[in-house]
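Trainee: Using my numbering, you'd call the opening residue of the sequence shown number 107 and step up by one each time.
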Amino acid sequence: MLTEQNKALVLQFYKAFDERKMEQALELLAPNFVAHLAGIAEPLDGAGFKQFGMSFYLAFGQGQHIFDEVIVSGDRVVTYGRFTATHLGEFQGLPPTGKQINLSIMHIDRVEDGKIVEHWGLGDALGLMQQLGIVFLPAPKLLPYILKGVVSKLFRKA
Numbered sequence: 107m108l109t110e111q112n113k114a115l116v117l118q119f120y121k122a123f124d125e126r127k128m129e130q131a132l133e134l135l136a137p138n139f140v141a142h143l144a145g146i147a148e149p150l151d152g153a154g155f156k157q158f159g160m161s162f163y164l165a166f167g168q169g170q171h172i173f174d175e176v177i178v179s180g181d182r183v184v185t186y187g188r189f190t191a192t193h194l195g196e197f198q199g200l201p202p203t204g205k206q207i208n209l210s211i212m213h214i215d216r217v218e219d220g221k222i223v224e225h226w227g228l229g230d231a232l233g234l235m236q237q238l239g240i241v242f243l244p245a246p247k248l249l250p251y252i253l254k255g256v257v258s259k260l261f262r263k264a
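1. So, using beta-carbon positions, are A191 and I207 closer together than 7 Å?
2. With H, G and I counted as helix, E and B as strand and the rest as coil, what does DSSP make of G233?
3. From E125 to S210, what does the alpha carbon distance come to, in whole angstroms?
4. Tell me the rounded alpha-carbon separation between H171 and V256.
5. For K247 and L253, what's the separation of their Cα atoms in angstroms?
6. State yes or no: is the C-beta of D141 within less than 7 Å of the C-beta of H225?
7. Buried or exposed for V217, going by 16 or more other Cβ atoms inside 10 Å?
8. State the DSSP-derived secondary structure class of D124, mapped to helix, strand or coil.
9. For D215, is the classification buried or exposed, using 16 other Cβ atoms within 10 angstroms of its Cβ as the cut-off for buried?
10. Could you spell out where the alpha helix (DSSP H) holding A165 opens and where it closes?
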């Protein structure tokens, strides 16, 4: 029965975030909460996680977590799927583009005494940058030309 309560708590957290009820979402985090996020070297405490979450919250409106599956094992709740939103505010120095984003995501949240105490989060950062037009990846037809240029530069230096 506790596993169903843990699942409901975690889903309530993401729903509050999607409904832009940040204070309600943050109330579900334990005082000793810690977050491990892909691409961020050090774990974040509750205040750091709030700051990170707020920067995302302010940059991307109309956000929605769409989970393909929710798996509960003891005190851990695994959610994976995608996050969709519209880029309506500044994000890491990039002015709003108005573009829709669709990111693959995976989270593991650990629940203790009715609060989320630990979070592991992975989002497709490269996909986000591509969707916002920051990163260019060449089409497969361009790869032979790019490789030829790199190889010829290497031979000229040698």
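Positions of the beta carbon are idealized from the N, C-alpha and C atoms, including for glycine.
Mentor: Reading off the structure:
1. Position 85 of the sequence shown holds residue 191. Position 101 of the sequence shown holds residue 207. For A191 and I207, yes; Cβs fall inside 7 Å.
2. As a working mapping, residue 233 is identified with position 127 in the sequence shown. Three-state DSSP puts G233 in a helix.
3. Reading the sequence shown from its first residue, position 19 is the one you call residue 125. Reading the sequence shown from its first residue, position 104 is the one you call residue 210. Roughly 20 Å between the two C-alpha positions.
4. For the purposes of this step, residue 171 is taken as the residue at position 65 of the sequence shown. For the purposes of this step, residue 256 is taken as the residue at position 150 of the sequence shown. When rounded, the distance between both Cα atoms is 41 Å.
5. By one-based count along the sequence shown, residue 247 stands at place 141. By one-based count along the sequence shown, residue 253 stands at place 147. Cα to Cα, K247 sits roughly 11 Å from L253.
6. Indexing the sequence shown from 1 puts residue 141 at position 35. Indexing the sequence shown from 1 puts residue 225 at position 119. For the record, residue 141 in the displayed sequence is Ala; it is not Asp. In this structure, H225 lies closer than 7 Å to A141 by Cβ.
7. Sequence index remark: in the sequence shown, residue 217 carries index 111 (1-based). When all chains shown are included, V217 counts as buried.
8. As a position in the sequence shown, residue 124 is number 18, starting the count at 1. Reduced to three states, the DSSP call for D124 is helix.
9. Position 109 of the sequence shown, counting from 1, holds the residue named residue 215. Buried, because 16 or more other Cβ atoms sit within 10 Å of the Cβ of D215.
10. Within the sequence shown, numbered from 1, the residue matching residue 165 stands at position 59. Here the alpha helix (DSSP H) through A165 covers G152 to A165.
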